[in-house]
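K.L.:
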Amino acid sequence: RRLLSRIVRRKGGVMRRVAWIVALFVAGCLTPADQMNEAQAIVDKVHAAIAASDVRGLEGLYHTSFFANVAKDVWMRYLADLAKREGGKMQVHLLAKHKDARPDGDYYMFHYRLVFAKGAFDERITVAKRVGEGKLAIAAHILRPVKP
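Numbered by my numbering, the letters in the sequence shown go through residues 57 to 204 in order.
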């Protein structure tokens, strides 16, 4: 009992520590919520557009930096023609997804297998919300043919 009273009296002791722990916990609760569902919805729109061979309006889902490396019209045409070229109906299989919180923003990474009648593709797509930017946007999108 004496030990406990000495700890509590010593400049706040246990109570001060408890107050700090509570403050840190509350601060953690005030951080923005995870946006995995919103990122998933963006990816779902891309898959629906590819399956329908109608990519109108998709360019607004991509971050402007994405089109610094690939011509916008070439990429959109590639996505629009993919289902037709590969045999129509597309099956989408999610292989993995995770969130990567970085100093410059939050990155939601998805790994899919897209299967068509004539072949399959390994797809990696990253949706990001960068610090200072108000919306989620596709920062990276890679489609690689899978060899049978």
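Quick reminder that beta carbons are idealized off the backbone N, C-alpha and C, glycines included.
#1: Between H197 and M165, what straight-line distance do the alpha-carbon atoms span, to the nearest angstrom?
#2: Looking at I98: is its Cβ nearer than 9 Å to the Cβ of L170?
#3: Give me whichever residues DSSP pairs with K153 in a beta bridge.
#4: Near F95, what residues of its chain come up, given a Cβ to Cβ distance below 6 Å and the 5 sequence neighbours on each side ignored?
#5: What's the C-alpha gap between P159 and K145?
#6: Among G190, K101, F172, R200, whose alpha-carbon lies nearest the alpha-carbon of K140?
#7: Tell me, which residues are paired with T182 by DSSP?
P.N.:
In terms of the structure at hand:
#1: If you number the sequence shown from 1, residue 197 lands on position 141. If you number the sequence shown from 1, residue 165 lands on position 109. Roughly 10 Å between the two C-alpha positions.
#2: Mapped onto the sequence shown, residue 98 falls at position 42. Mapped onto the sequence shown, residue 170 falls at position 114. No; because the gap between Cβ atoms is not below 9 Å, this pair is not in contact.
#3: As a working note, residue 153 is residue 97 in the sequence shown. Answer by DSSP bridge pairing, in chain order: F166.
#4: Along the sequence shown, one-based indexing puts residue 95 at 39. Reading off the sequence shown, one finds Ala at residue 95, where the question assumed Phe. So the list reads Y164, V183, L192, once near-sequence residues are dropped.
#5: Numbered from 1 along the sequence shown, position 103 holds the residue referred to as residue 159. Numbered from 1 along the sequence shown, position 89 holds the residue referred to as residue 145. Roughly 40 Å between the two C-alpha positions.
#6: As a first step, residue 140 must be located in the sequence shown, where it is residue number 84. Cα-wise, what sits closest to K140 is F172.
#7: Counted from its first residue, the sequence shown places residue 182 at position 126. Assignment of beta-bridge partners to T182 by DSSP yields M165, A196.
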